[in-house]
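Colleague: Heads up: the sequence shown runs through residues 2 to 489, numbered per my numbering. Where a beta carbon is used, it is the ideal one built from N, C-alpha and C, also for glycine.
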Amino acid sequence: MPTLAPPDAIRYWLSRRACNDLFLLYCFDEPGCPPEALRATLHARCAAVADLRIRLREYRFAYPRWVPCEITAARFTEHRPPQSEWATVVAALGDLLADGVRADRQPWRLHLFREVTGAPGGDGPALVVILQLSHALADGRRAAEIARAVFGPEPIRARVRHATDLGGPSPRRMPAAIAAGGRTLATWTIEARALAALPVAMVRTVVRGTAAERARRELAERTARGEIPRPGGQFAPTVLNRPPAPIRHEVRMLVRDDLRVPGRTVTALVLAAIAEALPAHLAERGAPPSDRAEPVSVARPVDPAEPVPAVPPTELAAQVSVALPTSNRLRRNNYRDVAVELPCDEPDPHRRTDLIATTLAARRVRAAHPLLDAPDRVTAVLPAPVLRRDIAAFPLDTVPATLSAHTVVSSVHRGPADLTCAGAAVRFTAGFPALGAVMHLTHGVHGLGDTVTVSVHADPDVLPDLGDYAAALDAALTRVVAHAVAPR
2 MPTLAPPDAI RYWLSRRACN DLFLLYCFDE PGCPPEALRA TLHARCAAVA
52 DLRIRLREYR FAYPRWVPCE ITAARFTEHR PPQSEWATVV AALGDLLADG
102 VRADRQPWRL HLFREVTGAP GGDGPALVVI LQLSHALADG RRAAEIARAV
152 FGPEPIRARV RHATDLGGPS PRRMPAAIAA GGRTLATWTI EARALAALPV
202 AMVRTVVRGT AAERARRELA ERTARGEIPR PGGQFAPTVL NRPPAPIRHE
252 VRMLVRDDLR VPGRTVTALV LAAIAEALPA HLAERGAPPS DRAEPVSVAR
302 PVDPAEPVPA VPPTELAAQV SVALPTSNRL RRNNYRDVAV ELPCDEPDPH
352 RRTDLIATTL AARRVRAAHP LLDAPDRVTA VLPAPVLRRD IAAFPLDTVP
402 ATLSAHTVVS SVHRGPADLT CAGAAVRFTA GFPALGAVMH LTHGVHGLGD
452 TVTVSVHADP DVLPDLGDYA AALDAALTRV VAHAVAPR
């Protein structure tokens, strides 16, 4: 049975406290087949994907493990709103985003909306499919691979590794009690071994912790000498970064076919547009950017009862997920978050995009440096009970006095637009990074072929006019692209 790597276990234990699932939306032309035929097709495709035939098994002293499980009809939900319109589907997404899966029962779900009228990318009715995955099961890249295995044209088994490729036994040889979650001799053996290994694991944690401190000092020294790019700054929270965690969710999607500009990355273009639209929107809400960005160095929790600062920093920042090379075959989440400052006071879109692209490139270099792996090596040997306790006690509803970023931008290219569902062609894809007490506004940037969807996910209690912000972001994207393609 493959054991969860600590980064995956962290995401699983966090999911018990707040929904951090991945939601992958795919819009297809409506296939027109009967509901039973569509379900049968999807069931067969999902059953052929190893990552969709497993669930988590928990232990008291050991890390959770993946065990085989059957795919039941409960995994597939066809939603039938009173009006099957695109606006209705977008509104329904708010409820879906608040309801997480239980990876120890079923780590994924498939939501279906049929005969949707008014969907982007086509004139006829559409089929909207939302693949909901536990974050313990996949990061953005792996989630896209799983979806491509379900909807892609090539042989499925060649796309996603089988569970046995990760060191687990074949489901056919798995004892029925383990597959069903019962406690067997093997279960007791796993617990006993983990308990016996605790003293050694604690010693290894101390040793690697000492090495991590040396690495931290070396990183700081080499950064000061200019050998390694600097990290992002620290800034005061804005109106978007106040507790508590969201109760309601709202999304908007901007489906565009003009964001692939030679010499520019899609991520940099979108960040440049956010740098224009977000501060302007905050200003319209009575929280205009100040004349100068002023990083704050005091590190203390923010009291939720304190009034929201009227003036956010001029230089907002975005948290961007950077993919890392796969170094551990058991690890399903291979990325690191970096902070990218948004030069909001730069009026020239060319210059603004250049600054962002330069900063993002430097942060990618820093994120990939081996010295930053030292804390991960400490976590890798931390005993499961200790890490689980730390995650359970982590103050999710406390926002620090300083932040490295004010919003999230998650960008994943999901491959060519050759996907189908029951023979119907795909139109576009979208995704919605999770919200939390710190981040009440996130952005998803997801490409499929030449089409890129920029999604906005927000807490309507904090950002009640999300439609206005989405419209402003759409207009900013148009201006940024127009300058990017114009001769200089």
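Once you ignore the five residues that flank I275 on each side, which residues in its own chain have a CB closer than 6 Å to its CB?
Modeller: Counting from 1 along the sequence shown, the entry for residue 275 is found at position 274. Cβ within range, chain order: n/a, list empty.
Colleague: Using only the alpha-carbon positions, how far apart do A10 and P65 sit?
Modeller: Counting from one through the sequence shown, the residue named residue 10 turns up at place 9. Counting from one through the sequence shown, the residue named residue 65 turns up at place 64. Straight-line Cα distance between these residues: approximately 7 Å.
Colleague: For A426, which residues from the same chain have a beta carbon less than 7 Å from its beta carbon, with the 5 sequence-adjacent residues on both sides left out?
Modeller: The residue you call residue 426 lines up with position 425 of the sequence shown. Cβ neighbours of A426 beyond the five flanking positions: F29, D30.
Colleague: Which value, in whole angstroms, describes the spacing of the CA atoms of E59 and A104?
Modeller: Within the sequence shown, numbered from 1, the residue matching residue 59 stands at position 58. Within the sequence shown, numbered from 1, the residue matching residue 104 stands at position 103. The straight-line gap from Cα to Cα measures roughly 10 Å.
Colleague: Could you compute how far the alpha carbon of P244 sits from the alpha carbon of S16?
Modeller: In the sequence shown, counting from the first residue as 1, residue 244 sits at position 243. In the sequence shown, counting from the first residue as 1, residue 16 sits at position 15. Their backbone Cα atoms lie some 18 Å apart in a straight line.
Colleague: What are the start and end residues of the beta strand (DSSP E) that includes Y336?
Modeller: Position 335 of the sequence shown, counting from 1, holds the residue named residue 336. First-last of the beta strand (DSSP E) with Y336: 336-343.
Colleague: With distances taken from CA atoms, which of A438, V455, P350 is nearest A483?
Modeller: Against the sequence shown, residue 483 aligns to sequence position 482. Answer by Cα proximity: P350.
Colleague: Excluding the five sequence neighbours on either side, which residues of its own chain have a C-beta within less than 6 Å of the C-beta of A485, listed in chain order?
Modeller: The residue given as residue 485 occupies position 484 in the sequence shown. Here the set comprises V262, R265.
Colleague: Could you name the residues that DSSP lists as bridge partners for F77?
Modeller: Indexing the sequence shown from 1 puts residue 77 at position 76. Answer by DSSP bridge pairing, in chain order: L111.
Colleague: Secondary structure at H282, three-state DSSP: helix, strand or coil?
Modeller: Within the sequence shown, residue 282 is the residue found at index 281, counting from 1. Three-state DSSP puts H282 in a helix.
Colleague: Have a look at V339 and L388 and give me their C-alpha separation to the nearest angstrom.
Modeller: Here residue 339 is taken as the residue at index 338 of the sequence shown, counted from 1. Here residue 388 is taken as the residue at index 387 of the sequence shown, counted from 1. Straight-line Cα distance between these residues: approximately 23 Å.
Colleague: Assign A27 to one of three DSSP states: helix, strand, or coil.
Modeller: The residue given as residue 27 occupies position 26 in the sequence shown. The question names Ala, but residue 27 is Tyr in the sequence shown. The answer is strand: DSSP assigns Y27 an E or B state.
Colleague: If you draw a straight line from the alpha carbon of L196 to that of P386, how long is it in whole angstroms?
Modeller: Residue 196 sits at position 195 when you count from the first residue of the sequence shown. Residue 386 sits at position 385 when you count from the first residue of the sequence shown. Answer to the nearest angstrom: the Cα atoms are 10 Å apart.
Colleague: On the criterion of 16 or more Cβ atoms from any shown chain inside 10 Å, does P8 qualify as buried, or is it exposed?
Modeller: As a first step, residue 8 must be located in the sequence shown, where it is residue number 7. Under this definition P8 is a buried residue.
Colleague: Taking buried to mean at least 16 other C-beta atoms within 10 Å of its own C-beta, is E285 buried or exposed?
Modeller: In the sequence shown, residue 285 corresponds to position 284, counting from 1. Exposed, because fewer than 16 other Cβ atoms sit within 10 Å of the Cβ of E285.
Colleague: To the nearest angstrom, how far is it from the Cα of R162 to the Cα of R76?
Modeller: Within the sequence shown, numbered from 1, the residue matching residue 162 stands at position 161. Within the sequence shown, numbered from 1, the residue matching residue 76 stands at position 75. Note that R162 scores a pLDDT of 45, beneath 50, so its modelled location is shaky; the value from the coordinates is reported in the next line. One C-alpha to the other measures close to 21 Å.
Colleague: Quick check on this structure: which residue in G227, D259, V240, D140 has the alpha carbon closest to the alpha carbon of G287?
Modeller: In the sequence shown, the residue the question calls residue 287 occupies position 286. The option with the nearest alpha carbon to G287 is V240.
Colleague: Do you know how far the Cα of F114 is from the Cα of V129?
Modeller: As a working note, residue 129 is residue 128 in the sequence shown. As a working note, residue 114 is residue 113 in the sequence shown. Their backbone Cα atoms lie some 5 Å apart in a straight line.
Colleague: Hey, D398 and A438: beta-carbon distance below 8 Å or not?
Modeller: Counted from its first residue, the sequence shown places residue 398 at position 397. Counted from its first residue, the sequence shown places residue 438 at position 437. Contact flag set, yes.
Colleague: Run through DSSP, which three-state label would H484 get?
Modeller: Residue mapping note: residue 484 aligns to position 483 of the sequence shown, counting from 1. Residue state, collapsed to three classes: helix.
Colleague: For L331, count neighbouring C-beta atoms within 10 Å of its own C-beta (all shown protein chains included) and say buried if the count is 16 or more, exposed if not.
Modeller: Counting from 1 along the sequence shown, the entry for residue 331 is found at position 330. Answer is exposed; the Cβ neighbour count stays below 16.
Colleague: Pull up the CB-CB distance for R428 and P121, whole angstroms please, since I reckon it's below 8 Å.
Modeller: Within the sequence shown, numbered from 1, the residue matching residue 428 stands at position 427. Within the sequence shown, numbered from 1, the residue matching residue 121 stands at position 120. Rounded, the Cβ-Cβ distance is 7 Å, consistent with contact.
Colleague: Please state whether DSSP places F429 in a helix, a strand or coil.
Modeller: For this step, residue 429 is matched to residue 428 along the sequence shown. Note: F429 maps to strand in three-state DSSP.
Colleague: Mind checking who L255 pairs with in its DSSP beta bridge?
Modeller: Translated into the one-based positions of the sequence shown, residue 255 becomes position 254. Answer by DSSP bridge pairing, in chain order: V455.
Colleague: Does DSSP put L98 in a helix, in a strand, or in coil?
Modeller: Working through the sequence shown from its first residue, we reach residue 98 at position 97. Of the three classes helix, strand and coil, the one that applies to L98 here is coil, per DSSP.
Colleague: At the level of alpha carbons, what is the spacing between R56 and H414?
Modeller: If you number the sequence shown from 1, residue 56 lands on position 55. If you number the sequence shown from 1, residue 414 lands on position 413. Spanning the two alpha carbons is a distance of roughly 27 Å.
Colleague: Just how far apart, CA to CA, sit R218 and A212?
Modeller: Residue mapping note: residue 218 aligns to position 217 of the sequence shown, counting from 1. Residue mapping note: residue 212 aligns to position 211 of the sequence shown, counting from 1. Whole-angstrom Cα-Cα distance: 10 Å.
Colleague: Looking at the structure shown, is L478 part of a helix, part of a strand, or coil, going by DSSP?
Modeller: Counted from its first residue, the sequence shown places residue 478 at position 477. It is helical.
Colleague: Going along the chain, which unbroken runs of the beta strand (DSSP E) with 3 or more residues stay wholly within the segment 201-257?
Modeller: Runs of the beta strand (DSSP E) inside the segment 201-257: 251-257.
Colleague: Let me check one thing: in DSSP terms, what residues is I357 bridge-paired to?
Modeller: Taking the first residue of the sequence shown as 1, we reach residue 357 at position 356. Partner(s): none; I357 has no beta bridge.
Colleague: For the alpha helix (DSSP H) holding R382, just list the boundary residues, first then last.
Modeller: For this step, residue 382 is matched to residue 381 along the sequence shown. According to the sequence provided, residue 382 is Val. The question's Arg does not apply to it. Neither: V382 is in no alpha helix (DSSP H) and is coded neither H nor E.
Colleague: Look at the Cβ atom of P434, then the Cβ atom of G448, and state whether they are nearer than 8 Å.
Modeller: What you label residue 434 is simply residue 433 of the sequence shown in a count that begins at 1. What you label residue 448 is simply residue 447 of the sequence shown in a count that begins at 1. No, the pair does not count as a contact, with Cβ atoms beyond the cut-off.
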